[in-house]
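Participant:
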Amino acid sequence: MKKLLITLLSIFIIASSLSGCKSNEDIKVYKTPVTNTNFMFDTVTSISIYSAKKDKNPEEILGETINMCRALEKKLSKTIDTSDVSLINNSKGEPVQVSEETIELINLSKKYYTLSNGSFDITIAPLSEKWNFKNKDVKPLSDEEIQHLLPYVGMDFIEIDGNTVRKTNPNSQIDLGGIAKGYIADKTAEYLKSKGVTSALINFGGNIVTIGNKPEGQPFKIGIQKPFSEANDIIGFINSENGTVVTSGSYERYFEYEGKKYHHILDPKTGKPAESGVTSVTIQCENSADADAISTACFVLGAEKGIEFIDSLDGVEAVFITDSGEIIKSKGSTFEEV
Numbered sequence: 001m002k003k004l005l006i007t008l009l010s011i012f013i014i015a016s017s018l019s020g021c022k023s024n025e026d027i028k029v030y031k032t033p034v035t036n037t038n039f040m041f042d043t044v045t046s047i048s049i050y051s052a053k054k055d056k057n058p059e060e061i062l063g064e065t066i067n068m069c070r071a072l073e074k075k076l077s078k079t080i081d082t083s084d085v086s087l088i089n090n091s092k093g094e095p096v097q098v099s100e101e102t103i104e105l106i107n108l109s110k111k112y113y114t115l116s117n118g119s120f121d122i123t124i125a126p127l128s129e130k131w132n133f134k135n136k137d138v139k140p141l142s143d144e145e146i147q148h149l150l151p152y153v154g155m156d157f158i159e160i161d162g163n164t165v166r167k168t169n170p171n172s173q174i175d176l177g178g179i180a181k182g183y184i185a186d187k188t189a190e191y192l193k194s195k196g197v198t199s200a201l202i203n204f205g206g207n208i209v210t211i212g213n214k215p216e217g218q219p220f221k222i223g224i225q226k227p228f229s230e231a232n233d234i235i236g237f238i239n240s241e242n243g244t245v246v247t248s249g250s251y252e253r254y255f256e257y258e259g260k261k262y263h264h265i266l267d268p269k270t271g272k273p274a275e276s277g278v279t280s281v282t283i284q285c286e287n288s289a290d291a292d293a294i295s296t297a298c299f300v301l302g303a304e305k306g307i308e309f310i311d312s313l314d315g316v317e318a319v320f321i322t323d324s325g326e327i328i329k330s331k332g333s334t335f336e337e338v
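So for the sequence shown, full-length UniProt numbering puts the first residue at 1; every next one is plus one.
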């Protein structure tokens, strides 16, 4: 279920020179974007401020933003023992009191679980952990192992009452990794805007969020990687203005066993890597958390059912790259092939 992590080296942000740009009296355009590069959520992150109100200190804003991100990570990460997610996973069926942010994110996950007919499911955690895609020196799970864990999967096992969460199946586990990064990217954008930032680019391991346009007035141009390209070739671009671009794909995290590739995006119904005929799905919409869930669901659904799913949603566009290299995009997509 883990969403594709596009590294900063595998996505190109095309930005025009800022020389000669003029700003209004209240806005300062930086000749070189003020940038913070960090490591959070098990990935490289980058926040670049291109312009902000003149009375604002961009370095100070970035420092405050990173502190906010780390505070959210401490609540939402599965790998932090004291996080809300760990408290839920370690419970044996008793109600667990958690933060407002955790409740919000689980409710959003439930929404997309229902809308996608179970193709996006944060309770896939027992299986994704057992598959252990972080380790290249592994072998596929046996059918027996999968069938043992599948009964623990299903959002119906997660109940929410106010600010408490209860598992009706004590063996169920959740992993917000497929949606939390997008959620924190959204919160980052909200915070930057509240601090007077008028143009910025946020890249959280491939979750791209843009604030405004580039200072010269053009939208940010986001490069989409060609699947399995060793040279990180770009297959096309998407224009983004006050929105997000997120890709889920099979080529960033996988292992090979006896000549077959096993990727990290699991089908919650089978417990195995999804075999839907697509290699990557790129989603463009307003919020990155939504794009996280939608991209994973569409990868599991495949191009035909995925396009039907996209058409049922407002303000969402998609680009599918099939196993054969065919590009299929929704009607309103701004994707431009190179």
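By construction, the Cβ of each residue, glycine as well, lies at the ideal position given by its N, Cα and C atoms.
1. Have a look at residue 274 and residue 317 and give me their C-alpha separation to the nearest angstrom.
2. With DSSP run on the structure shown, which of helix, strand or coil describes residue 166?
3. Tell me the rounded alpha-carbon separation between residue 334 and residue 25.
4. On a Cα-Cα basis, can you pick out the residue from 226, 163 and 59 that is closest to residue 326?
5. The beta strand (DSSP E) spanning residue 161 covers which residue range?
6. Whole angstroms are fine: how far does the CA of residue 281 sit from the CA of residue 168?
7. My guess is that residue 179 and residue 69 are in contact by the Cβ rule of under 8 Å, so how many angstroms apart are they, rounded?
8. Please classify residue 97: is it buried, with 16 or more other beta-carbons within 10 angstroms of its beta-carbon, or exposed?
9. For the candidate residues 136, 54, 32 and 39, whose alpha-carbon lies nearest to that of residue 252?
10. Let me know the secondary structure DSSP gives residue 39 once reduced to three states.
11. Using 10 angstroms around the beta-carbon of residue 173, count the other beta-carbons present and answer buried if the total reaches 16, otherwise exposed.
12. Are the segment 277 to 291 and the segment 235 to 253 in contact at 8 Å, needing three or more beta carbon pairs?
13. Give the single residue among 119, 148, 84 and 313 whose Cα lies nearest to the Cα of residue 104.
14. Return the chain-ordered list of same chain residues with a C-beta closer than 8 Å to the C-beta of residue 94, the five sequence neighbours on each side being excluded.
15. Touch check for the segment 184 to 203 and the segment 35 to 53: three-plus C-beta pairs under 8 Å?
16. Name the two residues that bound the continuous alpha helix (DSSP H) containing residue 201.
17. Starting from the N-terminal side, write out each stretch of the alpha helix (DSSP H) that is 4 residues or longer and does not extend beyond the segment 269 to 311.
18. Along the chain, which unbroken stretches of the beta strand (DSSP E) at least 3 residues long are found entirely within the segment 42 to 91?
19. For residue 214 and residue 37, I'd like the C-alpha separation in whole angstroms.
20. With C-beta atoms as the reference, is residue 328 less than 8 Å away from residue 307?
21. Counting along the chain, where does the beta strand (DSSP E) carrying residue 102 start and finish?
Facilitator: In short:
1. The residue labelled residue 274 in the question sits at position 274 within the sequence shown. The residue labelled residue 317 in the question sits at position 317 within the sequence shown. In a straight line, the C-alpha of residue 274 is about 21 Å away from that of residue 317.
2. Residue 166 sits at position 166 when you count from the first residue of the sequence shown. Residue 166 falls in the strand class under three-state DSSP.
3. Taking the first residue of the sequence shown as position 1, residue 334 is located at position 334. Taking the first residue of the sequence shown as position 1, residue 25 is located at position 25. Straight-line Cα distance between these residues: approximately 32 Å.
4. Mapped onto the sequence shown, residue 326 falls at position 326. Checking every option, the nearest Cα to that of residue 326 belongs to 226.
5. Translated into the one-based positions of the sequence shown, residue 161 becomes position 161. Its beta strand (DSSP E) spans residues 158 to 161.
6. Here residue 168 refers to the residue found at position 168 of the sequence shown. Here residue 281 refers to the residue found at position 281 of the sequence shown. The straight-line gap from Cα to Cα measures roughly 33 Å.
7. Counted from its first residue, the sequence shown places residue 179 at position 179. Counted from its first residue, the sequence shown places residue 69 at position 69. Actually they do not touch by this definition, with Cβ atoms about 15 Å apart.
8. Taking the first residue of the sequence shown as 1, we reach residue 97 at position 97. Residue 97 comes out exposed.
9. Residue numbering aside, residue 252 sits at position 252 when the sequence shown is read from its first letter. Of the candidates 136, 54, 32 and 39, the one whose C-alpha sits nearest the C-alpha of residue 252 is 136.
10. As a position in the sequence shown, residue 39 is number 39, starting the count at 1. Strand at residue 39.
11. Sequence index remark: in the sequence shown, residue 173 carries index 173 (1-based). The residue is buried, with at least 16 neighbouring Cβ atoms inside 10 Å.
12. yes
13. For the purposes of this step, residue 104 is taken as residue 104 along the sequence shown, with counting starting at 1. The candidate whose alpha carbon is nearest that of residue 104 is 84.
14. For the purposes of this step, residue 94 is identified with residue 94 of the sequence shown, where counting begins at 1. Once the five neighbours on either side are set aside, the close Cβ partners of residue 94 are 166.
15. yes
16. For this step, residue 201 is matched to residue 201 along the sequence shown. That residue, residue 201, is in no alpha helix (DSSP H); its beta strand (DSSP E) goes 197 to 204.
17. 288 to 301 and 303 to 311
18. 43 to 53
19. In the sequence shown, the residue the question calls residue 214 occupies position 214. In the sequence shown, the residue the question calls residue 37 occupies position 37. Taking the straight line joining both Cα atoms gives about 19 Å.
20. Locating residue 328 in the sequence shown gives position 328, counting from the first residue. Locating residue 307 in the sequence shown gives position 307, counting from the first residue. Their beta carbons are under 8 Å apart, which means residue 328 touches residue 307 by this criterion.
21. As a first step, residue 102 must be located in the sequence shown, where it is residue number 102. Not the beta strand (DSSP E): residue 102 falls in the alpha helix (DSSP H), residues 100 to 115.
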